[in-house]
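Colleague: Please read through the structure below; I'll follow up with questions.
In my numbering, the protein residues as written are 320 to 586.
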């Protein structure tokens, strides 16, 4: 199993450069990033068309000794142009990033599928995968939705990102994941929470996740349900941690994640 990676929302208030620095100082050897805003033209701390930004990120990650494992970028919605994603794909290739996380909050399934299929073809030419993250407050709500779309793209480089919170909040269980084709599971994102869902799922996912072991999810069963070579990330944004420095937040999450995985593998 690869090194535990930090999922970007853990430090989602930082720009990409700050995120890499904090993740490395927190003990991570790998991290995900939000490389762009949600839409082209959004004000963001990294421009995938800017060669200087790409060089700076490459130098920063190399000097920090941290791998960049996947990125989040523009939302896959009607009206999005595949051409907008090509500089993102090129930047990923230059930075050695092997996966783009995809989600959609608008549009009909057929439109989203067609867009993902075209972008997946471009990504495949650079040896980059597309991981669909199902989110119960989005247009792709469940693992079944994500798998159906992945298959409909007819692209072998399209699979799923399984987020523990989204799995349980969408009505899924460990058995749901056991039923997925292993070659379509690209990444697993860990966090914990009570089994009882709050009224505001969007707020919970952005600012109220718990460290592994502090909630009620069967995370050990979840880890056992995915292939051994699945990328494992930890994503624990929590407003209670905002008083800490970014590096301290990263360290807290890193140490909790490593301790959980050590216990899980010892059983």
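Backbone N, C-alpha and C fix where the C-beta goes; we use that ideal spot for every residue, glycine too.
#1: Three or more beta-carbon pairs under 8 Å between the stretch 370-383 and the stretch 460-468, yes or no?
#2: What is the C-beta distance between residue 421 and residue 454, in whole angstroms, given that I count them as a contact (C-beta under 8 Å)?
#3: Between which two residues does the beta strand (DSSP E) harbouring residue 478 extend?
#4: Short check: CB of residue 443 to CB of residue 476, under 8 Å?
#5: Name the two residues that bound the continuous alpha helix (DSSP H) containing residue 420.
#6: Just the Cα atoms here: how many angstroms apart are residue 492 and residue 446?
#7: Over what stretch of residues does the beta strand (DSSP E) that includes residue 450 continue unbroken?
#8: Starting from residue 386 and walking both ways along the beta strand (DSSP E), at which residues does that stretch end?
#9: According to DSSP, is residue 550 helix, strand or coil?
#10: Measure the C-alpha to C-alpha separation of residue 532 and residue 402 and round it to an integer number of angstroms.
#11: For the alpha helix (DSSP H) that residue 432 lies in, which residues bound it at each end?
#12: Alpha carbon to alpha carbon, what distance is there between residue 483 and residue 541?
#13: Starting from residue 404, trace the alpha helix (DSSP H) both ways and give me its first and last residue.
#14: Select from 468, 545 and 494 the residue whose C-alpha is nearest the C-alpha of residue 508.
#15: Quick one: is residue 324 buried, meaning 16 or more other Cβ sit within 10 Å of its Cβ, or exposed?
#16: Please state whether DSSP places residue 329 in a helix, a strand or coil.
Modeller: In this structure, then:
#1: no
#2: With 8 Å as the limit, residue 421 and residue 454 do not qualify as a contact, their Cβ atoms being about 11 Å apart.
#3: 477-482
#4: yes
#5: Where residue 420 is concerned, there is no enclosing alpha helix (DSSP H), although the beta strand (DSSP E) it sits in stretches over 418-421.
#6: 31 Å
#7: 448-452
#8: 386-391
#9: strand
#10: 43 Å
#11: 428-443
#12: 8 Å
#13: 401-414
#14: 545
#15: buried
#16: helix
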